[in-house]
Amino acid sequence: DGELPGASVSTASLAAALAANRRLPLRLPRRGAKAAAMARARRRIGRAAEFLSEVPFADAVRVCDVSGDAGAMPALLQAYIFGKVRAPPPASLEYYCMCIAGQPATIRLQAVAQLLQHSFYFCAIKVVHGDNELLAATLEELRSLVDSAAVAEDDWEVAAATWRWADADRELFVRQFSELPVISHFEAVRRELRAMRSRAAAALCRAERELLTKVVLDFSAQVDEDIAEARAEAEAAVAAEEARAAAVAA
6 DGELPGASVS TASLAAALAA NRRLPLRLPR RGAKAAAMAR ARRRIGRAAE
56 FLSEVPFADA VRVCDVSGDA GAMPALLQAY IFGKVRAPPP ASLEYYCMCI
106 AGQPATIRLQ AVAQLLQHSF YFCAIKVVHG DNELLAATLE ELRSLVDSAA
156 VAEDDWEVAA ATWRWADADR ELFVRQFSEL PVISHFEAVR RELRAMRSRA
206 AAALCRAERE LLTKVVLDFS AQVDEDIAEA RAEAEAAVAA EEARAAAVAA
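Every position in the sequence shown, counted from 1, becomes a number in the working numbering once 5 is added.
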């Protein structure tokens, strides 16, 4: 089928590792932890402040009329992330995501569209995490992108040419979940395939797609559970209120 023997062993082992994990523990920090995380990110970025010539991202977002100007957020993302000769480090990228996550839903969705278009898949998840409806929509779109890239899998050259996962985004994802064995396995497989250079390009793309598919499915399962839990809590609250009202009326 055109696949390299070495690449076959590598991707097969990764697929087995992904299948062995019923659910990856991919929980991101809750909103209550955001202030502390933001402070840590500020400190890390602050240490390099003297080397930066740009306005801090949070200040740029605050000054720009992102709600009134439809081109403001895309322009900010282009200036701070997509247009950089050297991609921003994970600490800066996470900080940018936190800043965007504090914006209204319409702005976050606008950012999601831009991030997905530029292959910053994990960042797209991060900026809507905590809002189940927005996260569900983002995961559905990401799943569609991953599935569409797999259509050309029989043609390895086309498959490699039609798939991209931004290096900075992938590095942020790996660092976020570095303690998970399957992530360490993925990194080992990726190093092995990269050593084979262009001969293993398609196998490398498939490994990344398989991991992202697993991530999307597990995040989606978590969203479904969170929605069901919130619905149950709301129904219980309504029932309790009705019971109190009935007791008063009696």
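Note that CB positions come from ideal geometry on N, CA and C, so glycine has one too.
Remember, it's a predicted structure, so these values are computed and weren't measured experimentally.
Quick one: using the 10 Å Cβ neighbour count with 16 as the cut-off for buried, is residue i buried or exposed?
| i | result |
| --- | --- |
| Arg-67 | exposed |
| Val-221 | buried |
| Ser-149 | exposed |
| Lys-89 | exposed |
| Ala-129 | buried |
| Gln-122 | exposed |
| Glu-246 | exposed |
| Ser-153 | exposed |
| Ala-169 | First, the residue type needs correcting, since residue 169 is Arg and not Ala in the sequence shown. With fewer than 16 Cβ atoms within 10 Å of its Cβ, Arg-169 is classed as exposed. |
| Val-163 | exposed |
| Arg-196 | exposed |
| Arg-214 | buried |
| Arg-211 | buried |
Identify the continuous alpha helix (DSSP H) that holds residue i and give its terminal residues.
| i | result |
| --- | --- |
| Ile-86 | Here Ile-86 belongs to no alpha helix (DSSP H), and DSSP marks it neither H nor E. |
| Ala-75 | It is not in any alpha helix (DSSP H) - Ala-75 carries neither H nor E in the DSSP assignment. |
| Arg-214 | 206-254 |
| Arg-196 | 186-200 |
| Gln-181 | 172-181 |
| Gln-108 | Neither: Gln-108 is in no alpha helix (DSSP H) and is coded neither H nor E. |
| Ser-124 | First-last for Ser-124: undefined, no H or E at that position. |
Roughly how many angstroms separate the alpha carbons of residue i and residue j, rounded to a whole number?
| i | j | result |
| --- | --- | --- |
| Ala-92 | Cys-104 | 18 angstroms |
| Pro-94 | Ala-244 | 49 angstroms |
| Phe-178 | Ala-166 | 22 angstroms |
| Ala-255 | Arg-249 | 10 angstroms |
| Val-60 | Glu-240 | 47 angstroms |
| Asp-64 | Ala-141 | 29 angstroms |
| Phe-207 | Ala-200 | For the record, residue 207 in the displayed sequence is Ala; it is not Phe. Approximately 13 angstroms between the Cα atoms of the pair. |
| Phe-224 | Leu-139 | 12 angstroms |
| Arg-52 | Gln-181 | The predicted model places Arg-52 with a pLDDT of 45, which falls under 50 and marks its position as unreliable; any figure quoted below should be read in that light. Their backbone Cα atoms lie some 21 angstroms apart in a straight line. |
| His-190 | Thr-218 | 16 angstroms |
| Gln-227 | Ala-251 | 36 angstroms |
Of the choices the options, whose alpha-carbon is the least far from that of residue i?
| i | options | result |
| --- | --- | --- |
| Asn-137 | Ser-153, Glu-234 and Val-60 | Glu-234 |
| Gln-119 | Tyr-101, Leu-139 and Phe-87 | Phe-87 |
| Val-194 | Thr-111, Pro-186 and Leu-209 | Leu-209 |
| Ala-110 | Glu-99, Ala-96 and Gly-135 | Gly-135 |
| Gly-107 | Val-132, Tyr-85 and Gln-115 | Val-132 |
| Ile-112 | Val-253, Ala-77 and Ile-188 | Ala-77 |
| Arg-175 | Ile-188, Val-163 and Glu-184 | Ile-188 |
| Leu-82 | Ser-72, Val-117 and Gly-73 | Val-117 |
If residue i and residue j are in contact, beta carbons under 8 angstroms, what's the gap, nearest whole angstrom?
| i | j | result |
| --- | --- | --- |
| Leu-216 | Ala-205 | The Cβ separation is near 16 angstroms, so there is no contact. |
| Tyr-126 | Leu-98 | Going by Cβ atoms, the distance from Tyr-126 to Leu-98 rounds to 12 angstroms, so no, they are not a contact pair. |
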